[in-house]
Amino acid sequence: MQYQKRLFFLCASLFLFTNVLISQATIRGKVYDAKTGEPISFADVFIANTNQGTTTDLDGFYNITGIGQGTIVITASYLGYQSMEVTKEIGGGGIYNQNFLLESSGIQLEEVNISAKRESARSEVQVSKLTVTNKQITQLPSLGGEPDIAQYLQVLPGVVSTGDQGGQLFIRGGSPFQNKILLDGLNIYNPFHSLGLFSSFETDIIKNVDVYTAGFDAEYGSRTSAVIDIKTREGNKQRFGGFASVSPFSGKLLLETPLKKFDDEGSSISMVLTGKKSLINQFDQNLYKYAGANDTIGLPFDFTDLYGKISVVSSGGSKFNFFGFNFNDQYTNPLIASIGWANSGIGGDFLLIPEGSSLIIDGIVGYSNYVTSITEGDGNPRESGIRDIGGNINFRYYGNNSEVKYGFDFRAIRTDFEFTNPFKIILAQNQNTAELGGFVKYKYKTERLVVEPSFRMMYYASQRKFSPEPRIGLKANITDDFRFKAAGGLYSQNIISTSNDNDIVNLFNGFLTGPEEPVNDFEGNELNNKLVKAAHAVAGFEMDLGRCATVNIESYYKDFSQILVINRNKLSAQESDYALEKGWAYGGDVSLQLNYPRFDVWTTYSLSWTNRDDGRQIYPTVFDRRHNVNFVFNYYPDQKKNTNIGLRWNLGTGFPFTQTLGFYNYQVLGSATSDYVTSNPDIIGTIFSPTRNGGRLPSYHRLDLSISHKITFTEKLGLELTASVVNVYNRENIFYFDRLRYNRVNQLPVMPSVAAKFTF
Numbered sequence: 143m144q145y146q147k148r149l150f151f152l153c154a155s156l157f158l159f160t161n162v163l164i165s166q167a168t169i170r171g172k173v174y175d176a177k178t179g180e181p182i183s184f185a186d187v188f189i190a191n192t193n194q195g196t197t198t199d200l201d202g203f204y205n206i207t208g209i210g211q212g213t214i215v216i217t218a219s220y221l222g223y224q225s226m227e228v229t230k231e232i233g234g235g236g237i238y239n240q241n242f243l244l245e246s247s248g249i250q251l252e253e254v255n256i257s258a259k260r261e262s263a264r265s266e267v268q269v270s271k272l273t274v275t276n277k278q279i280t281q282l283p284s285l286g287g288e289p290d291i292a293q294y295l296q297v298l299p300g301v302v303s304t305g306d307q308g309g310q311l312f313i314r315g316g317s318p319f320q321n322k323i324l325l326d327g328l329n330i331y332n333p334f335h336s337l338g339l340f341s342s343f344e345t346d347i348i349k350n351v352d353v354y355t356a357g358f359d360a361e362y363g364s365r366t367s368a369v370i371d372i373k374t375r376e377g378n379k380q381r382f383g384g385f386a387s388v389s390p391f392s393g394k395l396l397l398e399t400p401l402k403k404f405d406d407e408g409s410s411i412s413m414v415l416t417g418k419k420s421l422i423n424q425f426d427q428n429l430y431k432y433a434g435a436n437d438t439i440g441l442p443f444d445f446t447d448l449y450g451k452i453s454v455v456s457s458g459g460s461k462f463n464f465f466g467f468n469f470n471d472q473y474t475n476p477l478i479a480s481i482g483w484a485n486s487g488i489g490g491d492f493l494l495i496p497e498g499s500s501l502i503i504d505g506i507v508g509y510s511n512y513v514t515s516i517t518e519g520d521g522n523p524r525e526s527g528i529r530d531i532g533g534n535i536n537f538r539y540y541g542n543n544s545e546v547k548y549g550f551d552f553r554a555i556r557t558d559f560e561f562t563n564p565f566k567i568i569l570a571q572n573q574n575t576a577e578l579g580g581f582v583k584y585k586y587k588t589e590r591l592v593v594e595p596s597f598r599m600m601y602y603a604s605q606r607k608f609s610p611e612p613r614i615g616l617k618a619n620i621t622d623d624f625r626f627k628a629a630g631g632l633y634s635q636n637i638i639s640t641s642n643d644n645d646i647v648n649l650f651n652g653f654l655t656g657p658e659e660p661v662n663d664f665e666g667n668e669l670n671n672k673l674v675k676a677a678h679a680v681a682g683f684e685m686d687l688g689r690c691a692t693v694n695i696e697s698y699y700k701d702f703s704q705i706l707v708i709n710r711n712k713l714s715a716q717e718s719d720y721a722l723e724k725g726w727a728y729g730g731d732v733s734l735q736l737n738y739p740r741f742d743v744w745t746t747y748s749l750s751w752t753n754r755d756d757g758r759q760i761y762p763t764v765f766d767r768r769h770n771v772n773f774v775f776n777y778y779p780d781q782k783k784n785t786n787i788g789l790r791w792n793l794g795t796g797f798p799f800t801q802t803l804g805f806y807n808y809q810v811l812g813s814a815t816s817d818y819v820t821s822n823p824d825i826i827g828t829i830f831s832p833t834r835n836g837g838r839l840p841s842y843h844r845l846d847l848s849i850s851h852k853i854t855f856t857e858k859l860g861l862e863l864t865a866s867v868v869n870v871y872n873r874e875n876i877f878y879f880d881r882l883r884y885n886r887v888n889q890l891p892v893m894p895s896v897a898a899k900f901t902f
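With this note's numbering applied, the sequence shown corresponds to residues 143 to 902, in that order.
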């Protein structure tokens, strides 16, 4: 009875809140760049002679409520653009739409970026959140002169990469399967190619990437460590265009065109298509033959990436995007493994701004399919596949100083997995399941405080379990230049990994859903549920040092109270396929960012500890890197920034590994009459040290340099030339040690390259 009263009170409160908002006059719309049709983020929109105003969001959308009757003058402005004023007659309660098309005023772009970042820092919680733009990605010195989000993510504080191949990112103590990666809202299970410096995404269509390394709010569910949310831009709304580029590593093509040109009301239809194909297997024997020597990882890579998107935008600001992708990868190295994977999907997302309603609706529906297989040196094949179809729908209400957002999501999931362990025991899963979730979050901000409590409820069908997950984030603007921030919450997921964290190299990225069979805890008692669980706590501060410098310091703690892993040492069919582990990660990050007209500097330092407990011993994970330093520098010799000289240096202490004591031959007997003495043992086993991950590899460090120059022929035609050198001083960084062959495999040696990009 008490529960019913509380539910009634909650519903009544939401109803009254909605009616209050509807009774107020509201003006809303979008702010666009008049030339390109692109929305302008963080533009100021205010009503003259009042204190009513707001800033636009990432989609250029604004919403001002509580407007009285009469004639008002509403102004939109943004540094670098000419302000625009519109006179509007307000006739009482209702919704009024007004778009703005701002003309450029020629102020330097860096000033615009600084203004936008400062406003966002004061009005958003942004705990453990890093927003990466297309411009930032392109400024990083990159392999083959081809900037890629996979390379940029590795310089972010709290992010650890285990090598130049495998594409494994470990974010503040979490394994890759604990990271939620989204492309326009659709789940991507493996976005990184075997050559881990390249992703499946074309850099030029990335609008922005939000990376949450801990403490993310309730809008994101079903993962327990981090979120990488990638948003792509729309196609050109004014003319046909694109680019073609080539380097020793890949060839790329991008085409975009308006199907209906952008008009004064803001409506348009546009399309963008991209394709990327690896070329390194065509050039490696001539240009990089030395990289295929026995002591390096070689270059046995082949990948193809295709992506397409159609965008429909209405005059009222509503929009619909339809997109599809097909990514695939093949890696063959006789010293390590032969592996292939493919990831394909199709989806549609929407933003609805109904006439006469204060409600904003957005959502997505999509399908994703990922399959992978591998055969390693031990001869034991592994195969995995995961398909999901699902979507979400979200609702938003805006106030002058507040915002309410709630939504619902669902996914139907199919997993297929088969693995043969060294004892010839087959582990398999073929399972259908579903996940249902709902969330609500409330954001309230004043001049000095931003508070954002949120709550998520998850239901996992295969486990028949609910998971309540409260979360909170806050920011205190102590002064105009000094801000304190904190966040925390509970998290869960039903996806587990087929990878083995015992291996230094993990090329196989398979996925399973939580098992239906019993799994025991460390004391031998059956677990009440088999979900992966975690709790996060983050606190820190950020400080502006003058107009061009920002310092950010954060500390974090993650408690992984329950992690399920594959029981790779299963000896008989009677043993469980799964085992329990626990873990925790803690540490801190410091970053300094300098933005000046002629140069940029970004340096980060991370101190971290990541441990696991398997019930027998507590040990550091193979990705436990105690110290990690990144330094990025960009210099622009000319005022127009047509030339860019970039430098990146990385230093990381060595990863742990389990030491080898010896080897032995063994054979699995087919029957009780098998003769071990006369049989031919064909499998070599390894005797490991009883101390798990008790050794440490040497430290890693590498310097990359690049120089690029843009040549403009006409307003539409241009050429960009890039020369780059990866691992300038040819540091021999160990990547992998083949225990059976007693062979050291190094990461990439010094690799110079040139690239050309023709735009039209």
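Using N, Cα and C, we set each Cβ at its ideal position, and we do this for glycine too.
It should be emphasised that the depicted structure is a prediction, and the values quoted were computed from it without experimental measurement.
Exercise. Is the number of C-beta pairs between the segment 541 to 551 and the segment 610 to 630 that are closer than 8 Å three or more?
Worked result: Using a Cβ-Cβ distance cut-off of 8 Å, the segment 541 to 551 and the segment 610 to 630 are not in contact, since fewer than three pairs of beta carbons, one from each stretch, lie closer than that value.
Exercise. Identify the residues that DSSP records as bridge partners of Ile237: which are they?
Worked result: In the DSSP output, where bridge partners are listed per residue, Ile237 has Thr168.
Problem set entry | Complete runs of the beta strand (DSSP E) confined to the segment 465 to 527 [at least 3 residues] | Listed in chain order, they are 479 to 494 and 502 to 518.
Exercise. In chain order, what residues of the same chain lie with their CB nearer than 6 Å to the CB of Ile370, ignoring the 5 residues before and after it?
Worked result: Short of 6 Å from the beta carbon of Ile370, and not among the five residues preceding or following it, lie these beta carbons of its own chain, in chain order: Ile323 and Val353.
Problem set entry | Validate contact between the segment 412 to 422 and the segment 384 to 391 using beta carbons, cut 8 Å, 3 pairs | The answer is yes - the segment 384 to 391 touches the segment 412 to 422, with three or more Cβ pairs under 8 Å.
Problem set entry | Residues that DSSP places opposite Val592 in a beta bridge | Val592 pairs with Lys587 and Lys617.
Problem set entry | Pairwise C-alpha distance: Ala676 and Ser703 | Rounded to the nearest angstrom, the two C-alpha atoms are 6 Å apart.
For this session: Could you tell me the distance, in whole angstroms, from the CA atom of Phe465 to the CA atom of Lys451?
Result: Computed Cα separation, rounded: 4 Å.
Exercise. Within the chosen definition, does the segment 568 to 577 reach the segment 331 to 346 through at least 3 CB pairs nearer than 8 Å?
Worked result: Taking 8 Å as the limit for Cβ pairs, the verdict is that the segment 331 to 346 does not touch the segment 568 to 577.
Problem set entry | Per DSSP, the bridge partner or partners of Phe343 | Paired residue(s): none; Phe343 is not in a bridge.
Exercise. In whole angstroms, what is the alpha-carbon distance linking Glu696 and Gly682?
Worked result: Going by the C-alpha atoms only, they are around 4 Å apart.
Exercise. Under the rule that 16 or more other beta-carbon atoms within 10 Å means buried, what is Ser409, buried or exposed?
Worked result: Ser409 is buried by the Cβ-count criterion.
For this session: Identify the continuous alpha helix (DSSP H) that holds Tyr294 and give its terminal residues.
Result: For Tyr294, the uninterrupted alpha helix (DSSP H) segment begins and ends at Ile291 to Leu295.
Problem set entry | First and last residue of the uninterrupted beta strand (DSSP E) at Ile695 | Its beta strand (DSSP E) spans residues Ala691 to Ile708.
Exercise. How many Å lie between Tyr842 and Phe469 at the Cα?
Worked result: Their Cα atoms are separated by approximately 30 Å.
Exercise. Where DSSP assigns a beta bridge to Ile348, which residues make up the other side?
Worked result: Partner(s): Thr374.
Exercise. Per DSSP, what kind of secondary structure is Leu429 in: helix, strand or coil?
Worked result: Three-state result, Leu429: helix.
Problem set entry | Under the three-state DSSP convention, the category Ala263 falls into | Ala263: helix per DSSP, three-state reduction.
Problem set entry | Extent of the continuous alpha helix (DSSP H) to which Gln278 belongs | Secondary structure note for Gln278: its alpha helix (DSSP H) is the uninterrupted segment Asn276 to Thr280.
For this session: Would you tell me roughly how many angstroms separate the C-alpha atoms of Asn753 and Lys607, rounded to the nearest one?
Result: Taking the straight line from one Cα to the other gives about 28 Å.
For this session: In the DSSP assignment, find the unbroken beta strand (DSSP E) run with Gly393 in it and report its ends.
Result: Gly393 -> beta strand (DSSP E) spans Ser392 to Lys402.
Exercise. Assuming Gly766 and Glu723 make a contact with CB atoms under 8 Å, what is their CB distance in whole Å?
Worked result: Here the sequence assigns Asp to residue 766, which means Gly is not the residue at that position. Going by Cβ atoms, the distance from Asp766 to Glu723 rounds to 14 Å, so no, they are not a contact pair.
Problem set entry | Identity of the residues DSSP links to Lys461 by a beta bridge | Answer is Val455 and Leu493.
For this session: Can you say whether Asn485 is buried or exposed, counting buried as having 16 or more other CB atoms within 10 angstroms of its CB?
Result: Buried, because 16 or more other Cβ atoms sit within 10 Å of the Cβ of Asn485.
Problem set entry | Straight-line Cα distance separating Ser480 from Leu501 | Each residue's Cα considered, the two are about 52 Å apart.
Problem set entry | Three-state class that DSSP yields for Gln194 in the structure shown | Collapsing the DSSP output to three states places Gln194 in coil.
Problem set entry | Three-state secondary structure assigned by DSSP to Val887 | Three-state result, Val887: strand.
Exercise. By how many angstroms is the C-alpha of Gln320 removed from the C-alpha of Ser367?
Worked result: For Ser367 and Gln320, the distance between alpha carbons rounds to 5 Å.
Exercise. Taking C-alpha atoms, which residue in Gly580, Lys172 and Val187 lies nearest to Glu180?
Worked result: The residue with the shortest Cα to Cα distance from Glu180 is Lys172.
For this session: Please look up how many angstroms separate the CB atoms of Tyr699 and Phe741, rounded, as I've assumed it's under 8 Å.
Result: Not a contact, Cβ separation roughly 36 Å.
Exercise. By DSSP, does Val896 sit in helix, in strand, or in coil?
Worked result: DSSP places Val896 in strand when its eight states are reduced to three.
Problem set entry | Nearest residue (CA-CA) to Leu669, options Gln224, Ala679, Ile705 and Asp504 | When only C-alpha atoms are compared, the closest one is Ile705.
For this session: Select from Ala356, Asn205 and Glu659 the residue whose C-alpha is nearest the C-alpha of Gly498.
Result: Per the Cα distances, Asn205.
Exercise. Are the segment 219 to 239 and the segment 394 to 410 touching by the rule of at least three beta carbon pairs closer than 8 Å?
Worked result: As far as the Cβ criterion goes, the segment 219 to 239 does not touch the segment 394 to 410, which means the pair count is below three.
Exercise. When the distance is taken between beta carbons, is Ile637 closer than 9 Å to Arg365?
Worked result: Result yes, Cβ atoms of Arg365 and Ile637 sit closer than 9 Å.
For this session: Can you say whether Gly652 is buried or exposed, counting buried as having 16 or more other CB atoms within 10 angstroms of its CB?
Result: When all chains shown are included, Gly652 counts as buried.
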